[in-house]
């Protein structure tokens, strides 16, 4: 019987995959499986994974014939997983030795639907701890109650799928899959859905995931059109939250977060290709006009003057053909 399935998508990460795979080997157990999803890599990653399939205990190698993106690759892993519990890791990150057994023991002890953990962010030689914005630790909580307040960072803003572990009943309820085809911000609709619809969760003081930030091949570092998928992701968050039984309470948080992300991208628009920067502005303007305007006004009133002014000016931008996400 497989107790834990670890889903690890890889795409053109030949420089980092060996470290990732070594860290999996240091966490191997006879009742663990490691589902390695090669998302149609074009570098030396497929050869590295072929060797891992032979040498890593519990390895299951799955290859995509075409690149589908991180969300689709994770869904492939979820569909192949046999474990009672599931967790994720990205192909350029790594785990501390023994982290997965400790993670499994924590969720089994608490008996909740999902568990969230802190992580170590690694930028070049710098290391810093990033904590789940949940104050009460090692206590089973209601996920819906961790969405608010709207003006502070909460658990739905800590959208890292690999910083936690999830019971299979979430798969059975249709809550663990990602929106297929999203190239960026795929964790956002996913974490909001978990917090709206799962029944229980907890945050624990368990540090063992090392997140490699600033990798040149990472989509977050590439200013091409795929980055604009954040609009489709947040449109989904707002639409699903608007249909929630507590929409009046939760929508301000969803809209304010959406606005903050738009403002963030506009603040670094120079990293985008010129045509993409133009598309970013037109799509963002259309997104602002699609939001519930009364909720949007409240969100803008609560933001600092510089960001609010930028977004109000953008909202007045004339609509252009093809401005829908």
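In my numbering, the protein residues as written are 46 to 370. We put the CB at the ideal spot given by N, CA and C, even for glycine. In this text, all values refer to a predicted model and were calculated from it rather than measured experimentally.
Counting along the chain, residue 209 sits inside the beta strand (DSSP E) bounded by residues 209-212. In the three-state DSSP reduction, residue 92 falls in the helix class (H, G or I). Residue pairing for residue 167: DSSP places it in a beta bridge opposite 172 and 257. Rounded to the nearest angstrom, the Cβ distance from residue 233 to residue 270 is 18 Å, too far for a contact under 8 Å. Per DSSP, the unbroken alpha helix (DSSP H) holding residue 342 starts and ends at 338-347. Assignment of residue 131 by DSSP, reduced to helix, strand and coil, places it in the strand class. Boundaries of the alpha helix (DSSP H) around residue 355: 350-360. DSSP places residue 275 within a helical segment (H, G or I) once states are collapsed to three. Take the alpha-carbon of residue 112 and the one of residue 183: they are about 39 Å apart.
Its chain contains 101 as the residues whose beta carbon lies nearer than 7 Å to that of residue 70, once the 5 sequence neighbours on both sides are disregarded; these appear in chain order.
Residue 122 and residue 52 do touch by the CB rule: their CB atoms are close to 3 Å apart, below 8 Å.
Inter-residue distance for residue 244 and residue 159 is about 9 Å (C-alpha atoms, whole angstroms). Taking all protein chains in view, the Cβ of residue 228 is crowded by 16 or more other Cβ atoms within 10 Å, so the residue is classified as buried. When the five nearest sequence neighbours on each side are left out, the beta carbons in the same chain lying within less than 7 Å of the beta carbon of residue 343 are those of 297, in order along the chain. As DSSP reads the structure, residue 248 sits in a beta bridge with 161.
The alpha-carbon of residue 333 is positioned some 49 Å away from that of residue 46.
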